[in-house]
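One point on numbering: in the working numbering, the residue at position 320 of the sequence shown is 1231, and numbering is uninterrupted. In this text, a Cβ means the ideal position worked out from N, Cα and C, and glycines have one as well. Single-structure report; data block below.
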Amino acid sequence: MATISPDRARRIALGSQGFAKARPAGNVTERHFRSVVSRLGLIQLDSVNVAVRSHYMPFFARLGAYDRERLDRWLATEGEMAEYWGHEASAMPVELIPYLRWRMEDMHPWGIVRKAADHDPDLIDRVHREVAELGPLRVSDIAEGNDRTGPWWGLGKAKIALEWLLACGRVTAWRDHRFARVYDITERRIPAAVLSHSVDRHEAHRHLLLQSAQHHGIGTANDLIDYYRLNKPRSRPILEELAGEGLLDRVEVPGWNDPAYMHPAAVTPRTIRGATLLSPFDPLVWERARTERIFGMRYRIEIYVPKERREFGYYSLPFLVDGELVARVDLKADRRASVLMVQSAHLQQGQNLDRVASALANHLEEMASWLGMETISVTEWGDLTGPLARLLS
């Protein structure tokens, strides 16, 4: 079994996620969006919109400034991308859907769906018929979209029905420019050649685990299993099966408690250059134990932590510079005042204050321009804020 140094493992992970590649010199186009999705496999979606919607950030981190409306249009392109449960709610290439069909088949109505169906037995089929006849539709377009009567905690009946239809694959979805889900029947949205592709459960798991290894480059069993939220007892033997066939390499990384697997095609970049803030839901950092193991940063978001107990801020973002996580920054966009607000900025232990402050100031100016913010404000919370404020003044 080969031994991979922690430094090399970190560079493999960064290269596999697209951080060794130079940003486009000209306009960012759909070709660049496809390249990012090819690297990452999927884009996790999240409704929090403090500085910017989280799904915009992985593209910005790898491509630099781009037209968000152009990305919105591409993500909504028929026959190319769709939303489903990959790593949480995710936008993904439609070609991935057959490999997740087992998840759709395994779906069982959860509590609120059972309650709604018991209260209105024809609800699910009635909403499906309406989408088939009139789709694509948003929840608000459904005839009973605003009907919140019944024992389901204030959620609309149509919303409950559509979420169930999406979960079991009878409809598919994408997001409009306001981040609202748009639904249509699956047969109208996803190409017939994709839908006819039949994959059994075992082969689907093999494919997803190999994809995970390709996207991560290197990782423990838990790292690879988590990428598509697979079942650990089912997936661990499959990883060993893939390694036995030479499709994965077993490796050890000093300091990692568990053995690791490396994709045979993984490349080790000589250097990683550049600076960017990362979304909490970027695949590079979304698994917190992996982030701490590879980068030495114990990273958490503190949305649900009471304000007085927060260490770094409501929605702090890791700051990546030349392949290292060097700081975390709590950002908020005041769109009405056109101000990008640095609510806190904390240096990672062992990093150079002046170097990081300079890189962060430059990056925040780039980000403010991308978001259309006219000014940047800096509070006094965190050891980076003093030098950062001086550089931005």
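At what residues does the beta strand (DSSP E) containing residue i begin and finish?
i: D1245; result: E1235 to D1245
i: Y1138; result: Note, Y1138: premise wrong, no beta strand (DSSP E); alpha helix (DSSP H) at A1132 to Y1138.
i: R1089; result: Here R1089 belongs to no beta strand (DSSP E), and DSSP marks it neither H nor E.
i: Q928; result: That residue, Q928, is in no beta strand (DSSP E); it is neither H nor E in DSSP.
i: L1048; result: That residue, L1048, is in no beta strand (DSSP E); it is neither H nor E in DSSP.
i: P1229; result: S1227 to V1232
i: R1211; result: Segment: none, R1211 is in no beta strand (DSSP E) and carries neither H nor E.
From residue i to residue j, what distance separates their C-alpha atoms?
i: Y1094; j: R979; result: 21 Å
i: L1236; j: Y1210; result: 10 Å
i: M1173; j: W1197; result: 19 Å
i: N1263; j: P1194; result: 26 Å
i: A1272; j: H1088; result: 29 Å
i: M1018; j: A1078; result: 7 Å
i: R1059; j: G1067; result: With a pLDDT of only 49 at R1059, under 50, the local geometry of the prediction cannot be trusted, and the value read off the model is given with reservation. About 4 Å.
i: W1063; j: L1073; result: Summary for W1063: the model assigns pLDDT 44, below 50, so the residue's position carries little reliability; its value from the coordinates is reported in the next sentence. Approximately 14 Å between the Cα atoms of the pair.
i: A1154; j: R1147; result: 11 Å
i: S1288; j: S1227; result: 16 Å
i: H1108; j: M1015; result: 15 Å
i: A993; j: V947; result: 16 Å
i: K1143; j: R1025; result: 28 Å
i: R945; j: R1145; result: 31 Å
i: K1218; j: G1224; result: 8 Å
i: T1290; j: T1296; result: 7 Å
Which partner residues of residue i appear in the DSSP bridge assignment?
i: G1022; result: BP columns for G1022 are empty, so no partner.
i: P969; result: Partner(s): none; P969 has no beta bridge.
i: V1082; result: I1096
i: E999; result: G997
With DSSP as the reference, label residue i as helix, strand or coil.
i: H1039; result: helix
i: P1004; result: strand
i: P1175; result: coil
i: L1188; result: strand
i: E994; result: strand
i: Q1254; result: strand
i: D1169; result: coil
i: T940; result: coil
i: R1161; result: strand
i: T1296; result: helix
i: G1065; result: Caution applies to G1065, whose pLDDT of 49 falls short of 50 and renders its modelled position unreliable; the model cannot decide the point.
i: Q955; result: strand
i: E1198; result: coil
i: R1059; result: With a pLDDT of 49 at R1059, under the threshold of 50, the modelled position of this residue cannot be trusted, and the question is left open.
i: I1129; result: strand
i: A1103; result: helix
i: S1123; result: helix
i: I1071; result: helix
Is it the case that the Cβ atoms of residue i and residue j are separated by a distance below 7 Å?
i: R919; j: T1179; result: yes
i: L1150; j: A1132; result: yes
i: D1245; j: Q1254; result: no
i: A1069; j: V1082; result: no
i: I1129; j: A1171; result: yes
i: W1021; j: R1112; result: no
i: A1238; j: L1251; result: no
i: V1162; j: I923; result: no
i: R934; j: G990; result: no
i: D1134; j: H1126; result: no
i: P1229; j: A1268; result: no
i: V1110; j: Y1010; result: yes
Name the two residues that bound the continuous alpha helix (DSSP H) containing residue i.
i: S1288; result: Here S1288 belongs to no alpha helix (DSSP H); instead the beta strand (DSSP E) covers T1286 to V1289.
i: S1109; result: First-last for S1109: undefined, no H or E at that position.
i: L1222; result: Here residue 1222 is Glu; the residue named in the question, Leu, does not match the sequence. Segment: none, E1222 is in no alpha helix (DSSP H) and carries neither H nor E.
i: S916; result: From DSSP, S916 is part of no alpha helix (DSSP H); its letter is neither H nor E.
i: A1144; result: Checking the sequence, you will find Pro at residue 1144 rather than Ala. Element bounds for P1144: K1143 to G1155.
i: V1267; result: L1264 to L1282
i: E980; result: R979 to L986
i: D1017; result: R1012 to D1017
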